[in-house]
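**Q**
Chains as they are written, first to last, in our numbering: chain C, 1 to 172; chain U, 173 to 743.
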């Protein structure tokens, strides 16, 4: 059970930064369809990068799915995030093959460089570091994924270099 | 690579056809370029821009294959023939040979012939089910339940609505065969589902695919659209009156337990993916309480081949109780990692050493983990075990979906057991007390052992908890969660004892049990270790012997990796 995921800190004024009108086409598409809760949440996360409180409330109001049920589903699945994420999500694979090929070293080095914990977002809002279960590229172990790009056969310093290069190109 | 070759082709106006294909299974030789000419196929491995251009220049331009770079060819002896020679490709028959985004190429390779055969020969539902029973195909997702029987049960339950589901929620860490099939040959899975739908009179189909596989989802979407356009999906398929069937994709949201069929159904329905009690089995009451049949990707990929070639042809391969072939994902400390498909009955040793080429850096083979978090470790002295459901089960591991993670002498088995328990503990849905709390307690004990705080009696406690969790959990996740611990205790008890009694980690993995010391003879006093030590635990003047203060040392290992004179000893 992912108990740690339920304890979430919120510091931003969502009302001001989240445009909930963006949800309308999504609601239109899935309203009154059987089994629509997960696609609704996935759609909301696609829009905002996470599921804001205000989005939960709007979805619940418009689809008549109780908030409790929505929250139950959102906290059950690993995919859903309840707090904002950085521009780039750095997913370090901790599958079996990556584990035996020392994926821990990648996470440790990245934590040090980015100065965040697992699941945390950097101060500049550029990176979120996540440990994930298998990405399915076991023959390239250890692997990390940033956006849609997969990097394989890494060690700690190579992983750090990739992240640093992204930061440099972002700052230019 | 593709873009570079395409650019070259354009720039020099070269005359050849350039195509994308999918994984052929030789991940260890990536990137690969294959050239097919009038004489046959040449697979070039470990390509970079320079080499690829050389190959194109010599092979395409001058009809002169560059043999040094060829890793596999049917035409002559090559370095990797041992990787391919003993393989029998049924489920992976098209992977790496066709463009997965082209239905025409699939049709050229006998695609959709099986469903045409059913329509053309007037094969009845029972004929199809009988063929499946006769082939001996068992579920490739891990359970190993005979597919034909499953279909028979679903067919026996009459209803106006029935569903067929493809489980593509490949969650086992260390397994990637389903991903390869979906990305490499999506139509074979669709055809398998269509045949299944015909056999059980299903009205709707769902592919439950994990969201972590975006390319697989994209290719499935393309394939479904193509199949609809060609009339393989839709109404009165291939002129079979009343055979209406369509498929849609449901993206999983990341929960390992959703591989369990009742949890998967709950997830498709939009609920928390929590298993429920069986019976009723999904064959009687599944999705939306209607009869439902669930098989996994690899199972469906086998089905068109079986219908086309007949049950007897398939049953030729394999052992008495496990027929056909099985795909394995080789990963970990193995030389040739990748995908292989072998007949059931090959020994684990042959898979690892003959096909897999042995252990990286020629280290000693210690164990192979099969079946992921539900499976166990088969130690080297049992490597003669053959791969079929029953032989693998006898060792305490399971066949599972087919991940083989190879471990060498530098892998700590307690660390591996802890890794899996950490996984199952997080993935437990929390419904059954024994699974929810029991796995947590087991994880705490294992963590304690790896930190050097193990106590006498810990092994017995782990065993007791294991049996209670196995006996009192509702679903497969809980019932098998203790397997990695039980098998490592069974085969590597001495390693547990070394951790608990001597506070030593023989594989030198568990950081808290290590000590770093300066080697008196090798140390040159270069000061590199002292400069790099993050906690200033190393003292010593330039050109003099250094010393590590064990009370300050955090065992990060930086000195060990930085020292150029092998002057840091690890024990």
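The beta-carbon is built from N, C-alpha and C at its ideal position, and this holds for glycine as well.
(1) Kindly identify the DSSP beta-bridge partner or partners of residue 137/U.
(2) List the DSSP bridge partners of residue 382/U.
(3) Run through DSSP, which three-state label would residue 399/U get?
(4) Which chain C residues are close to residue 503/U, counting only those with a beta carbon under 8 Å from its beta carbon?
(5) With a cut-off of 8 Å, does the C-beta of residue 147/C fall near any C-beta of chain U?
(6) Cβ of residue 126/C less than 8 Å from any chain U Cβ?
(7) What does the alpha-carbon distance come out to for the pair residue 641/U and residue 299/U?
(8) Check each residue of the region 68-87 of chain C: if its Cβ is closer than 7 Å to any Cβ of chain U, include it; give the result in chain order.
(9) Along chain C, in chain order, which residues have C-beta atoms closer than 8 Å to that of residue 794/U?
(10) If I measure Cβ to Cβ from residue 6/C and keep anything under 6 Å in the same chain, skipping five residues before and after, which residues do I get?
(11) State buried or exposed for residue 556/U, treating a residue as buried only when at least 16 other CB atoms are found within 10 Å of its CB.
(12) Residues of chain U with CB closer than 8 Å to the CB of residue 42/C, please, in chain order.
(13) In chain order, what residues of the same chain lie with their CB nearer than 6 Å to the CB of residue 735/U, ignoring the 5 residues before and after it?
(14) Among 129/C, 111/C, 121/C and 140/C, which residue has its Cα nearest to the Cα of residue 99/C?
(15) Could you pull the DSSP bridge partners for residue 532/U from this structure?
(16) Should residue 442/U be flagged as near chain C, meaning a C-beta pair shorter than 8 Å?
(17) Between residue 351/U and chain B, is the shortest Cβ-Cβ distance under 8 Å, so that the two count as touching?
(18) Could you check where the alpha helix (DSSP H) with residue 671/U kicks off and where it finishes?
(19) When we look at the beta-carbon of residue 168/C and count the other beta-carbons within 10 Å, is it buried (16 or more) or exposed?
(20) Looking only at its own chain, which residues have a Cβ that is under 8 Å from the Cβ of residue 357/U, when we skip the five neighbours before and after it?
(21) Using 10 angstroms around the beta-carbon of residue 252/U, count the other beta-carbons present and answer buried if the total reaches 16, otherwise exposed.
(22) Rank 199/U, 646/U, 583/U and 650/U by C-alpha distance to the C-alpha of residue 449/U and give the top, closest one.
(23) Rounded to the nearest angstrom, what separates residue 548/U and residue 43/C at their Cα positions?
(24) Can you tell which of 707/U, 348/U, 287/U and 717/U has the C-alpha that lies nearest to the C-alpha of residue 724/U?
(25) Around the Cβ of residue 459/U, are there at least 16 other Cβ atoms within 10 angstroms (buried) or fewer (exposed)?
(26) Is it right to say residue 451/U is buried, meaning 16 or more other beta carbons lie within 10 angstroms of its own, or is it exposed?
(27) Near residue 385/U, what residues of its chain come up, given a Cβ to Cβ distance below 6 Å and the 5 sequence neighbours on each side ignored?
(28) What does DSSP give as the partner residue(s) for residue 337/U in the beta ladder?
(29) Answer with yes or no whether the minimum CB distance from residue 251/U to chain C is below 8 Å.
(30) Along chain U, which residues have their Cβ under 9 Å away from the Cβ of residue 120/C?
(31) List the DSSP bridge partners of residue 719/U.
(32) If you drop the 5 nearest sequence neighbours on each side, which residues of the same chain put their C-beta closer than 6 Å to that of residue 529/U?
(33) Reducing DSSP to helix, strand and coil, say where residue 605/U ends up.
(34) Under DSSP, the beta strand (DSSP E) around residue 88/C begins and ends at which residues?
(35) By the three-class DSSP mapping on this structure, what secondary structure does residue 149/C have?
(36) Assess, as a yes-or-no matter, whether the region 600-614 of chain U is touched by the region 561-581 of chain U under the definition of 3 or more beta carbon pairs within less than 8 Å.
**A** According to the data block:
(1) Nothing in the structure corresponds to residue 137/U, since chain U is present only between 173 and 743.
(2) The residue you call residue 382/U lines up with position 210 of the second chain. BP columns for residue 382/U point to 424/U.
(3) Position 227 of the second chain holds residue 399/U. Note: residue 399/U maps to helix in three-state DSSP.
(4) Along the second chain, read from residue 1 onward, the residue named residue 503/U stands at position 331. Near residue 503/U (Cβ distances below 8 Å), the residues of chain C are 96, 97, 138, 139 and 141.
(5) For this step, residue 147/C is matched to residue 147 along the first chain. Taking Cβ atoms only, chain U never reaches closer than 8 Å to residue 147/C, which makes this a no.
(6) The residue labelled residue 126/C in the question sits at position 126 within the first chain. No, residue 126/C does not count as interfacial toward chain U.
(7) To locate residue 641/U, count along the second chain from 1; it is residue 469. To locate residue 299/U, count along the second chain from 1; it is residue 127. Approximately 42 Å, taken between the alpha carbons.
(8) 72, 73, 76, 77, 78, 79 and 80
(9) In the structure as shown, chain U begins at 173 and stops at 743. Residue 794/U is therefore absent and cannot be evaluated.
(10) For the purposes of this step, residue 6/C is identified with residue 6 of the first chain, where counting begins at 1. Any reading at residue 6/C needs caution, since the residue's pLDDT is 48, under 50, leaving its predicted position unreliable; the model's value is listed next. Excluding sequence neighbours, residue 6/C sits near 75.
(11) The residue you call residue 556/U lines up with position 384 of the second chain. With fewer than 16 Cβ atoms within 10 Å of its Cβ, residue 556/U is classed as exposed.
(12) Taking the first chain and counting its residues from 1, one reaches residue 42/C at position 42. Near residue 42/C (Cβ distances below 8 Å), the residues of chain U are 383, 423 and 425.
(13) As a working note, residue 735/U is residue 563 in the second chain. Contacts found: 701.
(14) In the first chain, residue 99/C corresponds to position 99, counting from 1. Of the listed residues, the one whose Cα sits closest to residue 99/C is 140/C.
(15) The residue you call residue 532/U lines up with position 360 of the second chain. Beta-bridge pairing links residue 532/U to no other residue.
(16) Within the second chain, numbered from 1, the residue matching residue 442/U stands at position 270. Yes, contact with chain C.
(17) The question asks about chain B, but that chain is absent: this structure's protein chains are C and U.
(18) For the purposes of this step, residue 671/U is taken as the residue at position 499 of the second chain. Note, residue 671/U: alpha helix (DSSP H), 665-672.
(19) The residue given as residue 168/C occupies position 168 in the first chain. Residue 168/C is exposed by the Cβ-count criterion.
(20) Within the second chain, the letter at position 185 stands for residue 357/U. Correct list, in chain order: 194, 264, 265, 266, 267, 270, 272, 278 and 473.
(21) Here the question's residue 252/U lines up with position 80 in the second chain. The residue in question, residue 252/U, is buried, as its Cβ has 16 or more Cβ neighbours within 10 Å.
(22) The residue labelled residue 449/U in the question sits at position 277 within the second chain. Considering only alpha carbons, the answer is 646/U.
(23) Working through the second chain from its first residue, we reach residue 548/U at position 376. Working through the first chain from its first residue, we reach residue 43/C at position 43. Those two C-alpha atoms are separated by around 38 Å.
(24) Along the second chain, read from residue 1 onward, the residue named residue 724/U stands at position 552. When only C-alpha atoms are compared, the closest one is 707/U.
(25) As a working note, residue 459/U is residue 287 in the second chain. The residue in question, residue 459/U, is buried, as its Cβ has 16 or more Cβ neighbours within 10 Å.
(26) Numbered from 1 along the second chain, position 279 holds the residue referred to as residue 451/U. Classification of residue 451/U: exposed, given that the 10 Å Cβ count is below 16.
(27) Taking the first residue of the second chain as position 1, residue 385/U is located at position 213. Same-chain partners within the cutoff: 351.
(28) Here residue 337/U refers to the residue found at position 165 when the second chain is read from its first residue. In DSSP, residue 337/U forms a bridge with 378/U and 466/U.
(29) Residue numbering aside, residue 251/U sits at position 79 when the second chain is read from its first letter. No, residue 251/U lies away from the interface with chain C (no Cβ there is under 8 Å from its Cβ).
(30) Residue mapping note: residue 120/C aligns to position 120 of the first chain, counting from 1. Here the premise fails: no neighbours, minimum Cβ distance about 18 Å.
(31) Taking the second chain and counting its residues from 1, the one referred to as residue 719/U is at position 547. In DSSP, residue 719/U forms a bridge with 711/U.
(32) For the purposes of this step, residue 529/U is identified with residue 357 of the second chain, where counting begins at 1. 507 and 508, listed in sequence order.
(33) Sequence index remark: in the second chain, residue 605/U carries index 433 (1-based). In this structure, residue 605/U counts as helix in the three-state DSSP scheme.
(34) Position 88 of the first chain, counted from the first residue, corresponds to residue 88/C. Its beta strand (DSSP E) spans residues 88-93.
(35) Locating residue 149/C in the first chain gives position 149, where the first residue counts as 1. Three-state DSSP puts residue 149/C in a strand.
(36) no
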